[in-house]
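*Asks:* Residue numbers (our numbering): 2 to 356. Quick reminder that beta carbons are idealized off the backbone N, C-alpha and C, glycines included. This structure is a prediction, so every number in the text was calculated from the model and none was measured. Structure incoming, see below.
So, in structure tokens, the structure goes:
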């Protein structure tokens with residue numbers, strides 16, 4: 002990565018991931034797994050994903066006769082959890098489907114072409130001054146919303162510094178589950194800063210305390226780690242645990258799971274947006290296509306390739322315009338070409354599974 006990316010649970014300096022390729026009828030689709038090598042964001046890791054794919058999901062998929070990739074969501078339901086493993090395979094099948102149909106992925110998903118609005122996520126910085134330098138840089142690049150990471154002891158002064166310098170900037174904070182309900186007074190205090198939302202302030206598997214927090218503050222709570230399905234979204238909204246939901250396809254089992262969460266939220270007039278997992282261009286473009294669905298009314302964390310990586314795996318790279326938008330590709334599947342020599346150079350192992 003071009004620079005370290007720090008959150009409340011660690012610092013990332015390079016990205017390792019599984020790339021899943023699925024072939025049928027001479028056509029191949031690709032899916033990028035978002036699981037990390039550690040279980041600090043969610044319980045899955047790249048090694049647990051490999052185990053689930055090799056020993057359960059791939060054998061299960063080989064035994065299926067499906068007419069559409071949407072059917073995989075129900076077929077995989079017998080395997081409890083492991084949404085990132087399911088998503089890696091399911092999203093590759095969706096891309097295969099789009100390529101076989103000769104259409105861009107967004108059309109297969111039911112979205113529209115054109116452009117999407119983008120925001121940016123800034124990792125924890127050592128000082129408010131260092132954070133301001135980053136915000137100035139990203140605002141000048143055209144991003145339409147800025148998200149800053151916070152954790153206990155690194156929160157008030159960061160928000161105050163950005164708000165003082167940028168009183169009208171759409172600004173949100175992301176805690177990655179670093180706080181407890183006992184810290185509610187901090188978030189009551191943050192109401193005065195007109196934040197667009199506070200993302201996942203409390204425990205990753207909690208909805209009840211988030212509902213209690215949301216009742217105490219005006220700022221919308223956004224759930225991320227707590228939402229793994231359309232049913233989770235329904236429960237969270239019924240409890241009043243949030244007013245916004247972040248959809249990450251890898252966290253909800255793939256595109257069909259994303260559509261389910263999207264549809265639940267849209268039926269309740271609750272906005273959704275697409276979070277990022279430091280994906281390469283392969284996963285980043287998948288997120289671009291997903292955000293063409295009508296419920297994605299807030300800028301997501303789909304930044305330019307060059308912002309994160311010294312070298313990306315697709316050409317052309319993902320580029321953000323000066324007005325803060327990304328063009329939705331019109332080619333088949335994800336719409337950009339994977340640069341296979343770069344993939345080969347970065348590949349540490351390979352497995353092939355056949356029926």
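Using the three-state DSSP reduction, which class does residue 85 fall into: helix, strand or coil?
*Replies:* Translated into the one-based positions of the chain shown, residue 85 becomes position 84. Correct three-state label for residue 85: helix.
*Asks:* In angstroms, rounded to a whole number, what distance separates the CA positions of residue 134 and residue 326?
*Replies:* For the purposes of this step, residue 134 is identified with residue 133 of the chain shown, where counting begins at 1. For the purposes of this step, residue 326 is identified with residue 325 of the chain shown, where counting begins at 1. Those two C-alpha atoms are separated by around 22 Å.
*Asks:* Determine the extent of the alpha helix (DSSP H) in which residue 298 is found, giving its start and end residues.
*Replies:* As a first step, residue 298 must be located in the chain shown, where it is residue number 297. Careful: residue 298 lies outside any alpha helix (DSSP H) and carries neither H nor E.
*Asks:* Leaving aside the five residues before and after residue 158 along the sequence, list all residues of the same chain whose C-beta is less than 7 Å from its C-beta, in chain order.
*Replies:* Along the chain shown, read from residue 1 onward, the residue named residue 158 stands at position 157. Correct list, in chain order: 129.
*Asks:* In terms of residues, what are the limits of the alpha helix (DSSP H) holding residue 186?
*Replies:* Sequence index remark: in the chain shown, residue 186 carries index 185 (1-based). Here the alpha helix (DSSP H) through residue 186 covers 185-191.
*Asks:* In whole angstroms, what is the alpha-carbon distance linking residue 28 and residue 258?
*Replies:* In the chain shown, residue 28 corresponds to position 27, counting from 1. In the chain shown, residue 258 corresponds to position 257, counting from 1. The alpha-carbon atoms of residue 28 and residue 258 are separated by roughly 24 Å.
*Asks:* Return the residue from the list 65, 19, 218, 204 that minimises the CA-CA distance to residue 348.
*Replies:* Stepping through the chain shown from its first residue, residue 348 is reached at position 347. Of the candidates 65, 19, 218, 204, the one whose C-alpha sits nearest the C-alpha of residue 348 is 19.
*Asks:* At the level of alpha carbons, what is the spacing between residue 223 and residue 198?
*Replies:* As a position in the chain shown, residue 223 is number 222, starting the count at 1. As a position in the chain shown, residue 198 is number 197, starting the count at 1. If you take the alpha carbons of residue 223 and residue 198, they lie about 6 Å apart.
*Asks:* Please name the residue or residues paired with residue 163 in a DSSP beta bridge.
*Replies:* Here residue 163 refers to the residue found at position 162 of the chain shown. According to DSSP, residue 163 bridges with nothing at all.
*Asks:* Output the boundary residues of the alpha helix (DSSP H) element that contains residue 346.
*Replies:* To locate residue 346, count along the chain shown from 1; it is residue 345. Looking at the DSSP string, the run of the alpha helix (DSSP H) that includes residue 346 is 341-347.
*Asks:* My parser needs the beta strand (DSSP E) runs of 3 or more residues fully inside the region 200-239; what are they?
*Replies:* Counting whole runs of 3 or more residues, the region 200-239 contains the beta strand (DSSP E) stretches 222-224.
*Asks:* For a test of the three-state rule: what should DSSP assign to residue 105, helix, strand or coil?
*Replies:* Within the chain shown, residue 105 is the residue found at index 104, counting from 1. Three-state DSSP puts residue 105 in a strand.
*Asks:* Can you tell me where the alpha helix (DSSP H) holding residue 122 begins and where it ends?
*Replies:* Counting from 1 along the chain shown, the entry for residue 122 is found at position 121. From DSSP, residue 122 is part of no alpha helix (DSSP H) but of the beta strand (DSSP E) over 121-123.
*Asks:* Would you decide whether residue 350 is buried or exposed? Buried here means 16 or more other CB atoms lie within 10 Å of its CB.
*Replies:* Locating residue 350 in the chain shown gives position 349, counting from the first residue. When all chains shown are included, residue 350 counts as exposed.
*Asks:* Which whole-angstrom value is the C-beta distance of residue 102 and residue 284, which I expect to be below 8 Å?
*Replies:* The count along the chain shown starts at 1 and reaches residue 102 at position 101. The count along the chain shown starts at 1 and reaches residue 284 at position 283. In fact, because the Cβ distance is near 21 Å, the residues do not count as touching under 8 Å.
*Asks:* Is residue 274 buried or exposed, if buried means 16 or more other CB atoms sit within 10 Å of its CB?
*Replies:* Stepping through the chain shown from its first residue, residue 274 is reached at position 273. Looking at its Cβ environment, which holds 16 or more other Cβ atoms inside 10 Å, residue 274 is buried.
*Asks:* Using the three-state DSSP reduction, which class does residue 90 fall into: helix, strand or coil?
*Replies:* The residue given as residue 90 occupies position 89 in the chain shown. The answer is helix: DSSP assigns residue 90 an H, G or I state.
*Asks:* Excluding sequence positions up to five away, which residues of its chain have a Cβ less than 7 Å from the Cβ of residue 208?
*Replies:* As a first step, residue 208 is located in the chain shown; it is residue number 207 there, counting from the start. Around residue 208: 227, 236, 237, 240, 242.
*Asks:* Compute the beta-carbon to beta-carbon distance between residue 321 and residue 119, rounded to the nearest angstrom, for a pair I have assumed lies under 8 Å.
*Replies:* Start at 1 with the first residue of the chain shown, and residue 321 comes out as number 320. Start at 1 with the first residue of the chain shown, and residue 119 comes out as number 118. Going by Cβ atoms, the distance from residue 321 to residue 119 rounds to 5 Å, so yes, they are a contact pair.
*Asks:* Please state the DSSP three-state secondary structure of residue 8.
*Replies:* As a position in the chain shown, residue 8 is number 7, starting the count at 1. In the structure shown, residue 8 sits in a strand (DSSP, three-state: E or B).
*Asks:* Please list the terminal residues of the continuous alpha helix (DSSP H) segment that includes residue 75.
*Replies:* Counted from its first residue, the chain shown places residue 75 at position 74. Here the alpha helix (DSSP H) through residue 75 covers 73-76.
*Asks:* With a threshold of 7 Å (Cβ to nearest heavy atom), would residue 19 be considered close to the ligand NAD?
*Replies:* Absence of the ligand NAD is noted for the structure shown, with no ligands found whatsoever.
*Asks:* So who's on the other strand from residue 337, going by DSSP bridges?
*Replies:* Within the chain shown, the letter at position 336 stands for residue 337. Bridge partners of residue 337: none, in fact.
*Asks:* Count the C-beta pairs between the region 140-156 and the region 6-15 that are closer than 8 Å, then say yes if the count reaches three, no if not.
*Replies:* The region 140-156 is in contact with the region 6-15.
*Asks:* Distance check for residue 277 and residue 105, CA to CA, integer angstroms please.
*Replies:* As a first step, residue 105 is located in the chain shown; it is residue number 104 there, counting from the start. As a first step, residue 277 is located in the chain shown; it is residue number 276 there, counting from the start. So the alpha carbons of these two residues sit roughly 21 Å apart.
*Asks:* For residue 143, collect the residues of the same chain with a Cβ closer than 7 Å to its Cβ; drop the 5 residues on either side in sequence, then sort them by chain order.
*Replies:* Here residue 143 corresponds to residue number 142 of the chain shown, with the count starting at 1. Around residue 143: 321, 322, 323, 324, 325.
*Asks:* Which runs of the alpha helix (DSSP H) spanning at least 4 residues fall entirely within the region 251-277, listed in chain order?
*Replies:* Segments of the alpha helix (DSSP H) lying fully in the region 251-277: 256-268.
*Asks:* Do you know offhand how far residue 203's Cα is from residue 53's?
*Replies:* Walking along the chain shown from the start, residue 203 turns up at place 202. Walking along the chain shown from the start, residue 53 turns up at place 52. Residue 203 and residue 53: Cα-Cα distance of roughly 29 Å.
*Asks:* Measuring alpha carbon to alpha carbon, tell me which residue in 281, 234, 255 is nearest residue 272.
*Replies:* Taking the first residue of the chain shown as 1, we reach residue 272 at position 271. Taking only the C-alpha atoms, the option nearest residue 272 is 234.
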